[in-house]
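Heads up: the sequence lines are chains A and B, in that order.
Mapping of the first sequence onto my numbering: residues 89 to 326, in sequence order.
Mapping of the second sequence onto my numbering: residues 190 to 580, in sequence order.
Okay, structure first, notes after.
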Amino acid sequence: MTGNHLIRTENLVKTYPMGLSQITALNNVSLVFGAGEFSGLVGPSGSGKTTLLNIIGSLDSPTSGGAEVLGRRIEKLSHREAAELRNHSIGFIFQTFNLLPVYTAYENVEFPLLLLKTPAGQRKKMVMEALEWVGLADRGRSRPSQLSGGESQRIAIARAMVKRPPLLLADEPTANLDAENSHHILQTMEKLNRELGTSFLFATHDEKVIGYLRRKITLVDGRVAKDETFPSPAGKGV
Amino acid sequence: MTILRLALRNIIGTGIRAWLNALIISIGLVAATWNQGLVSGMDEQAAQASQAIEYGGGQFWHERYDPYDPLTLEDAHAPLPPALQELVDNKKATAILVVQGSIYPHGRMRSLLLKGIDPGQGILNFATASLADNAAAELPILIGERMARAIGLTSGEVITLRWREPRGAFNAQDATVTHIMKTTVSTIDNNQVWLPLAKLQAMARLPGQATLVVLAPGTPPPGSLPGWIFRDSDYLMRDLRELVKTKSYGRVVFLIIFLSLGMLAIFDTQVLAIFRRRREIGTLVALGFTRGQVIRLFTLEGALHGVLAVILGALYGLPLLWLQARAGFAVPAGTEDMGISIGERIYPVYSAGLTFSIILIAMVVTTIVSIMPTRRIARLKPTDALRGRMS
Chain A
89 MTGNHLIRTE NLVKTYPMGL SQITALNNVS LVFGAGEFSG LVGPSGSGKT TLLNIIGSLD
149 SPTSGGAEVL GRRIEKLSHR EAAELRNHSI GFIFQTFNLL PVYTAYENVE FPLLLLKTPA
209 GQRKKMVMEA LEWVGLADRG RSRPSQLSGG ESQRIAIARA MVKRPPLLLA DEPTANLDAE
269 NSHHILQTME KLNRELGTSF LFATHDEKVI GYLRRKITLV DGRVAKDETF PSPAGKGV
Chain B
190 MTILRLALRN IIGTGIRAWL NALIISIGLV AATWNQGLVS GMDEQAAQAS QAIEYGGGQF
250 WHERYDPYDP LTLEDAHAPL PPALQELVDN KKATAILVVQ GSIYPHGRMR SLLLKGIDPG
310 QGILNFATAS LADNAAAELP ILIGERMARA IGLTSGEVIT LRWREPRGAF NAQDATVTHI
370 MKTTVSTIDN NQVWLPLAKL QAMARLPGQA TLVVLAPGTP PPGSLPGWIF RDSDYLMRDL
430 RELVKTKSYG RVVFLIIFLS LGMLAIFDTQ VLAIFRRRRE IGTLVALGFT RGQVIRLFTL
490 EGALHGVLAV ILGALYGLPL LWLQARAGFA VPAGTEDMGI SIGERIYPVY SAGLTFSIIL
550 IAMVVTTIVS IMPTRRIARL KPTDALRGRM S
């Protein structure tokens, strides 16, 4: 598996034990993603979107087949190497924001840089920059409990983006947001993709998100049913 | 550093629960320190009292003398060797003669020890002078308060003493109780009467003889003396130390019970925290934490309860313990007969070593208890954790 790509999966299979039988979440999924893509895995619940996203994010490993992410073979990574890959190169955005409740917004954004042992001066600059990207430079002192859903997700985006990873994985990022906040979030992410060249990969079944995608991969029962690309976003404003 | 910072924030963020856990452990720490201080205080007081009142700076025993075997007393006496006699003459030692005998208070018979001591001695700190005070009494005797209570004697009463002479004949004489002494050292009180040495030597027909010689504190013992064995302070205090040690075992059990309560609370908190914070664990892993780092974080959070407990314990415990050390602890009635020289108040003695040991034990146990529940994290899949599920 070599070539000019950011992510490549080859005959990826993931099965889970369910009682005495096995559930196949992914069935021979082979995909290639290039740098700077703004793409999404779509499909109904249980189609394998999150499972694929987790494997790409090195949070899970395939049952068979392989996945290469940023030149690293996911199935061969140790726990420590996988943590290092996530730490340095992958940003995550979750449906439930997952901000650390005891930290302020600023500290939440700062956290990945602390893990990377970024010097204090540089860290402050990068955190403020990330907060400005999402338009929340003035909410740095707020605790997650004091933020609205939209603001929390924007802080989560700033946290994912602060270390400027080449790849950002977003699992149903708008599921807990209203339409206005969803569009705001998506516009922010689109802007970051355009300006910083960060690759975005979504797992979603939200039509609002799908409307922003430039590539849409439809999964059905763990298989790639359709892989469509669009010269411009699929249908902004849906 | 990031882990420590996060652990601190998490534990402070836990609010009242963390402080309650810390409070329970701190009560255990303070109570254990107080208890151990009490035992140390008791030990020190008992040692000082025993040394001042009974043991002096060591004793020379007649080679046949065994305080636990009254049958040895008949032969356990001899004239003092010149070296000991010189110390006695120079008031650096005092001789004691021990003879078996019996008394007849209120028509009953009681076997006991008759102990002769020089009324003018100044080495042992008890009221031997009263044996010289009462010139009116032909045979003055001194008894302890416990003994007086046990046989129902009061000061000024006359009782009959009986003893056996060297050739086996029994002899008897009336004696007057000239003084009833109150002492914390029960071993100079129970089952014995004190009388002037010269009188007992005459009564027992053992002129110039003694069973043991007590040296003044700081007096170097003369070298080897044939027929006499030197017993130093360590030897004489052996039983006392053993007794204190036995009592401290009870305190250790007390410490274990208190710490166990605190540890149970921490264990419970840790298990609950891991269950409640599954999603947070998943997030930390997604952000780049290894499982080891997550385990370290939770362990540190648990262990920090111990640190909080020490801080909290210091806040209220230090003034409390200081107050106790100054005011002392009133000994409940009846404990004077428990076989240890306790005054009316015990003044706890806290050493840095004692306090440090208790803190160290608490910290180590807290850390161990904190690690145990974190084994679940090692089995937790990040994908399950992110969904709020346990693997």
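Quick reminder that beta carbons are idealized off the backbone N, C-alpha and C, glycines included.
Chain-ordered, the chain B residues with CB closer than 8 Å to the CB of Thr-184 (chain A) read Arg-468.
The residue among A:Leu-100, A:Thr-112, A:Leu-114, A:Ile-144 with its C-alpha nearest the C-alpha of Leu-255 (chain A) is A:Ile-144. At a cut-off of 9 Å between beta-carbon atoms, Gly-491 (chain B) makes no contact with chain A. The stretch 156 to 163 of chain A makes no contact with the stretch 205 to 225 of chain A: fewer than 3 CB pairs, one atom from each, lie closer than 8 Å.
At a beta-carbon threshold of 7 Å, the residues of chain A lying near Arg-480 (chain B) are His-167, ordered along the chain.
Looking only at B:Val-402, B:Pro-256, B:Ile-484, B:His-251, the smallest Cα-Cα distance to Trp-417 (chain B) is reached by B:His-251. Rounded to whole angstroms, the separation of the alpha carbons of Pro-571 (chain B) and Val-474 (chain B) is 7 Å.
For Arg-427 (chain B) and Gly-230 (chain B), the gap between their C-alpha atoms comes out near 17 Å. Look at Asp-309 (chain A) here: in three-state DSSP terms it is coil, with no helix or strand label.
Pairwise C-beta distances place the stretch 135 to 142 of chain A out of contact with the stretch 432 to 447 of chain B, as fewer than three of them are shorter than 8 Å. Distance between Pro-270 (chain B) and Leu-414 (chain B), taken at the CA atoms: about 7 Å.
Close CB contacts of Thr-555 (chain B) within its chain, under the 8 Å cut and outside five residues either way in sequence, are with Ile-214, Gly-451, Met-452, Ile-455, Gly-491, Ala-492, His-494, Gly-495, Ala-498 (chain order). When DSSP assignments are scanned along the stretch 112 to 182 of chain A, the uninterrupted stretches of beta strand (DSSP E) that are 3 or more residues long and fall wholly within it turn out to be 126 to 130, 152 to 157, 178 to 181.
The straight-line gap separating the alpha-carbon atoms of Ala-265 (chain B) and Val-520 (chain B) is approximately 38 Å. For Pro-562 (chain B), the closest C-alpha among the options B:Val-483, B:Ser-239, B:Leu-276 is that of B:Val-483. In the DSSP assignment, Tyr-505 (chain B) falls outside any beta strand (DSSP E) and lies within the alpha helix (DSSP H) extending over 480 to 516.
Among the residues of chain B, those whose CB is under 7 Å from the CB of Tyr-191 (chain A) are Arg-198, following chain order.
With a beta-carbon spacing of about 6 Å, Ala-399 (chain B) and Ile-285 (chain B) fall inside the 8 Å limit used to define contacts. Taken through DSSP and simplified to helix, strand or coil, Met-298 (chain B) comes out as coil. By the neighbour-count criterion, in which a residue is buried when 16 or more other Cβ atoms sit within 10 angstroms of its Cβ, Asp-148 (chain A) is buried. Per DSSP, the unbroken alpha helix (DSSP H) holding Ser-215 (chain B) starts and ends at 205 to 239.
Not a single CB atom of chain B sits nearer than 9 Å to the CB of His-293 (chain A). Taken in chain order, the complete beta strand (DSSP E) segments of 3 or more residues contained in the stretch 264 to 293 of chain A are 287 to 292. Look at Ile-566 (chain B) here: in three-state DSSP terms it is helix. One finds Phe-199, Leu-202, Leu-203 in chain A with Cβ atoms closer than 8 Å to the Cβ of Thr-191 (chain B), taken in chain order. Annotation for Gly-237 (chain A): the continuous alpha helix (DSSP H) segment containing it runs 237 to 249.
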